[in-house]
Each structure stands twice: as structure tokens, then as C-alpha cells.
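Everything on this sheet refers to the single structure shown next.
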Amino acid sequence: MKVKSTLLSRFTMACMLLLFLPTVVLAASYEVSSVKTYSAPMKAGQPLDVGLEVKGVKLESIFFDQNQEALLILWNKTPTKVRPEIGVALFDNKGRLLATGYRTKRVGAQMIRPGKQKNYRLKFDKFIEDYTKVAKFQLVFSLINKVSKE
Numbered sequence: 003m004k005v006k007s008t009l010l011s012r013f014t015m016a017c018m019l020l021l022f023l024p025t026v027v028l029a030a031s032y033e034v035s036s037v038k039t040y041s042a043p044m045k046a047g048q049p050l051d052v053g054l055e056v057k058g059v060k061l062e063s064i065f066f067d068q069n070q071e072a073l074l075i076l077w078n079k080t081p082t083k084v085r086p087e088i089g090v091a092l093f094d095n096k097g098r099l100l101a102t103g104y105r106t107k108r109v110g111a112q113m114i115r116p117g118k119q120k121n122y123r124l125k126f127d128k129f130i131e132d133y134t135k136v137a138k139f140q141l142v143f144s145l146i147n148k149v150s151k152e
């Protein structure tokens, strides 16, 4: 059962990467420089400390509100601008995918300036009516580099 769960988890994360990063990965002007994943039980209405860091950019916390949205707080601790990408998936207690977060827009610009914080908002409302069936979430957090065209 543990092997099946691990394979399902790896398959799910691969699917999330395919869902959330295709335009970035396939675009000639950008490449994914680093990726990390995180998984935890879902708790709506309270901030969850994540503390996930990718190359000096820290995803501090995630907050699932009652409007089927998630607010994520990121800090850029590097001396250069960075472009993070985040994908979040919600699962029931049997591990079935219920929803994936989508961005309508970022709160602010795409890049995070050196030493600054940026808030990101993801929506789930087109996939799920409420959070009562959600038991767990998984997220994928990556940094995107611009590739110079030669």
C-alpha cells in the first residue's frame, strides 16, 4: 500500500508540473531553474507555515480562506529579481484529486525584487464548492529563469 501511495504521489506531482508549467517550460524564452514540492494536511481559515526555500526565495506560508482561494506569502532573500511559479492541488482523504489552484492574476508584478515580499493568490472556485471534503494539499514551487535569445 505504501508503494502504491508513493507512486500515486509522484504521478500527481508530475501531473501538477505538466498542468502548471507547460507555457513556461515550452516557451523558448524561459526555463525552470529549481523545483521543490510540499505536502500537508489542509486547514482552512488559518495560516499554515510552509518554510519552503528554493535558491534563496522562501515560501513563508499559505492561507486557505472560505472563498475557495489560497494566499501565499513569498520572500526574495537574494540580491536579484526572481520569478517564482506556484501550483497547488487539493485531495480528499482517499488521495483523489479534487481541485487545482489557478491564478487569475498576481497581486503585483510577476517578479519579486531583491529583499521584498510578494503575495500570490490562487483560486479553486471553478473546481470545488467548499473545503469540507479536502483532507490534504500538495504544492509545487519553482523559480523561472529568462533565457537570452541568441
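So the sequence shown is numbered by this note's numbering: it starts at 3 and just counts up by one. By construction, the Cβ of each residue, glycine as well, lies at the ideal position given by its N, Cα and C atoms. Values in this document were obtained by computation on a predicted structure and should not be read as measured data.
For Val-90, the enclosing beta strand (DSSP E) stretches over residues 85-93. Partner residues in the beta bridge of Glu-55, as assigned by DSSP, are Lys-60.
Taking 7 Å as the cut-off, the beta carbon of Phe-126 is found closer than this to the beta carbon of Gly-103. The continuous stretches of beta strand (DSSP E) do not include Ile-114, and DSSP gives it neither H nor E.
Separation of the CB atoms of Val-90 and Leu-50 is rounded to 11 Å, and the pair is thereby denied contact status at 8 Å.
Rounded to the nearest angstrom, the gap between the Cα atoms of Phe-143 and Gly-58 is 12 Å.
By the neighbour-count criterion, in which 16 or more other beta carbons inside 10 Å mark a residue as buried, Gln-119 falls on the exposed side. When only Cα atoms are considered, Ser-63 and Ile-75 end up about 6 Å apart. Gln-68: not part of any beta strand (DSSP E); DSSP gives it neither H nor E. Pro-81 sits in coil when the DSSP states are folded into three classes, being neither helix nor strand. Note: Arg-123 is bridge-paired with Leu-73 in the DSSP secondary-structure output. For Thr-134, no beta strand (DSSP E) segment is defined, and its DSSP state is neither H nor E. For Ile-146, the beta-bridge partners assigned by DSSP are Val-34, Arg-85. For Ala-101, the enclosing beta strand (DSSP E) stretches over residues 99-102. Around the C-beta of Pro-86, 16 or more other C-beta atoms lie within 10 Å, and the residue is accordingly described as buried.
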